[in-house]
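Novice: First the structure, then my questions, so here it is.
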Amino acid sequence: MNTPQEIQTGIDGFRLWPGALSMQAQAELLAQVLAAEAEAPLYRPVTPGGRPFSVQMTNLGPLGWVSDREGYRYQPTHPVTGKAWPPIPDYLLALWSDLTGWPEPPDACLVNLYRDEARMGLHQDKDEANMEAPVLSVSLGDTAVFRIGAAEGGPTRSIRLASGDVCALTGPARLARHGIDRLIAGSSTLVPGGGRINLTLRRAR
Ligand code: MD3
Ligand code: FE
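Every position in the sequence shown, counted from 1, becomes a number in this note's numbering once 2 is added.
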């Protein structure tokens with residue numbers, strides 16, 4: 003894989019590689035994710051308070067992130083089908099190794115589908131056992147308006163994440179507050195039916 007060009011975001015530990023995936027790589031990866039969704043269908047989790055997410059989700063890998071009335075956690079099976087999550091595609095395992103250099107492979111890949119007005123409020127990712135490990139995110143489809151700010155609070159910055167962009171969250175950025183304000187509808191034709199798919203690779207354990 004060619005090493006993509008990293009840009010400076012001004013946020014310590016937030017690394018961004020715009021256009022890291024070629025059009026062909028995006029299409030191939032999307033086809034693999036859509037095939038996996040046939041085995042592990044997208045569903046709409048609810049928050050511990052019982053509110054449905056506007057984002058639809060599924061997972062790939064040994065562990066998947068789920069949310070329900072009991073709380074947030076990682077588990078080895080799909081909450082609707084009861085089956086094991088499908089494997090993480092080799093392409094994503096190679097991307098993780100190339101871009102993060104982390105010695106262990108990711109054990110969880112959350113698949114988020116945003117359509118129309120779907121969004122994700124500001125939050126921190128704190129459900130992983132070892133928060134020293136990086137998080138790697140791949141965006142496919144419509145451009146998202148992403149917001150990120152320091153863990154401690156204070157001002158936030160808005161950054162667009164377009165199809166094929168990859169970002170890594172390491173060090174101080176690993177606990178940054180972040181969310182998706184909105185999509186720019188019609189900015190990509192990649193995802194059938196429109197919208198955006200985000201793939202987030204993590205070490206859950
Ligand atoms: C910054 N997903 O799944 S990806 C999530 O686009 C999540 O679906 C968003 O936030 C999405 O938890 C944002 C970029 C991202 C992922 C993880 C992060 C940014 C992050 C962890 C820490 C700080
Ligand atoms: Fe997050």
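Quick reminder that beta carbons are idealized off the backbone N, C-alpha and C, glycines included. Just so it is clear, the structure is predicted and the values come from calculations on it, not from any experiment.
So does the region 40-53 actually touch the region 95-105, counting three or more Cβ pairs closer than 8 angstroms?
Specialist: Contact between the region 40-53 and the region 95-105 is absent, because fewer than three Cβ pairs lie under 8 angstroms.
Novice: Provide the residue span of the alpha helix (DSSP H) that contains residue 102, from first to last.
Specialist: As a working mapping, residue 102 is identified with position 100 in the sequence shown. Element bounds for residue 102: 92-102.
Novice: Using three-state DSSP, classify residue 32 as helix, strand or coil.
Specialist: Here residue 32 is taken as the residue at index 30 of the sequence shown, counted from 1. DSSP places residue 32 in helix when its eight states are reduced to three.
Novice: Based on Cα-Cα distance, which residue from 131, 192, 112, 191 lies nearest to residue 42?
Specialist: The residue you call residue 42 lines up with position 40 of the sequence shown. Residue 112 is the option with its Cα nearest to residue 42.
Novice: Just to confirm before moving on: does the CB-CB distance between residue 138 and residue 170 stay below 7 angstroms?
Specialist: Here the question's residue 138 lines up with position 136 in the sequence shown. Here the question's residue 170 lines up with position 168 in the sequence shown. It is a contact, given that the beta carbons lie within the stated cut-off.
Novice: Does the distance from the C-beta atom of residue 206 to that of residue 76 stay below 7 angstroms?
Specialist: Position 204 of the sequence shown, counted from the first residue, corresponds to residue 206. Position 74 of the sequence shown, counted from the first residue, corresponds to residue 76. Yes. Within cutoff.
Novice: Assuming contact is defined by CB atoms lying nearer than 7 angstroms, are residue 168 and residue 19 in contact in what I supplied?
Specialist: In the sequence shown, residue 168 corresponds to position 166, counting from 1. In the sequence shown, residue 19 corresponds to position 17, counting from 1. Against a cut-off of 7 angstroms, the Cβ pair of residue 19 and residue 168 comes out as a contact.
Novice: Would you check if there are 3 or more beta carbon pairs closer than 8 angstroms linking the region 101-112 to the region 177-197?
Specialist: Judged by Cβ distances under 8 angstroms, the region 101-112 makes no contact with the region 177-197, as fewer than three pairs qualify.
Novice: Examine the Cβ distances between the region 182-199 and the region 147-161 and report whether three or more of them are shorter than 8 angstroms.
Specialist: They touch, by the three-pair rule.
Novice: Report yes if the C-beta of residue 127 is less than 6 angstroms from at least one heavy atom of the ligand FE; otherwise report no.
Specialist: Position 125 of the sequence shown, counted from the first residue, corresponds to residue 127. Because some heavy atom of the ligand FE lies under 6 angstroms away, the Cβ of residue 127 counts as near it: yes.
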